[in-house]
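Everything below concerns the one structure shown next.
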Amino acid sequence: MNFNSKLLTRNFFEVRLNYHETPIKVRFNEIDAYHVAWHGHYVAWMEMGRGELAGLFGLNADQLAAEGYLAPVITLELNYRKPLRFAEEARILTTLRRTEAATLEFDCRILGADGSLAATGKTVHAITDLAWVLQYRVPLVIEERLARLLSHLEV
102 MNFNSKLLTR
112 NFFEVRLNYH
122 ETPIKVRFNE
132 IDAYHVAWHG
142 HYVAWMEMGR
152 GELAGLFGLN
162 ADQLAAEGYL
172 APVITLELNY
182 RKPLRFAEEA
192 RILTTLRRTE
202 AATLEFDCRI
212 LGADGSLAAT
222 GKTVHAITDL
232 AWVLQYRVPL
242 VIEERLARLL
252 SHLEV
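If you read the sequence shown in the numbering used here, its first letter stands for residue 102, the second for the next number, and so on.
Here is the structure:
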């Protein structure tokens, strides 16, 4: 549950990644018949990381709804790299992309206990009003909160 700026080295190149970190521990009810974390839980873990980061800046689902807006998921991507196992401690690294459209785009990395990449993912959220009318511009209240979040992440 903390913010980090970390230099990651992978495949002979370096990437600067500013992210919010959410620790988890794989619970018994999250493993499947193969004794690894069931694939659907990775989506829930991404949501945990996204919700924590967004909530710090007034952008989680409840906070947006209180302002008269929704941000439904319109795209979900998830790539599995290595399975997580029962009782393994993992970290969800979540960041937000700067976009030109009236969307929120979160990138996520799930790292195993040894720091190895278990999964990568992305969600894209459209911004609508409470009647589900698509917003073509980011509403001012959301724009201000996004600016603070992006500044915090140094994106």
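Just so you know, even glycine gets a beta-carbon here, dropped at the ideal spot from N, CA and C. Everything numeric in this text was worked out from a predicted model, so none of it was measured.
Beta carbon proximity, Gly-216 to chain D, threshold 8 Å
In the structure shown, chain D does not exist; there is a single protein chain.
Can Glu-153 be considered in contact with the ligand MN, in the sense that its beta carbon sits closer than 7 Å to one or more heavy atoms?
Ligands displayed in this structure: none; no statement on the ligand MN is therefore possible.
Within this structure, are the beta carbons of Ala-134 and Lys-183 separated by less than 8 Å?
no
Within 10 Å of its beta-carbon, does Thr-123 have 16 or more other beta-carbons around it, so buried, or fewer, so exposed?
buried
Distance between Asn-180 and Leu-160 (C-alpha atoms, nearest Å):
25 Å
Is it buried or exposed for Thr-176, if we count other Cβ within 10 angstroms and need 16 for buried?
exposed
Asp-163 in three-state terms, based on DSSP:
helix
Nearest candidate by alpha-carbon position, reference Phe-187, set Tyr-170, His-142 and Phe-207
His-142
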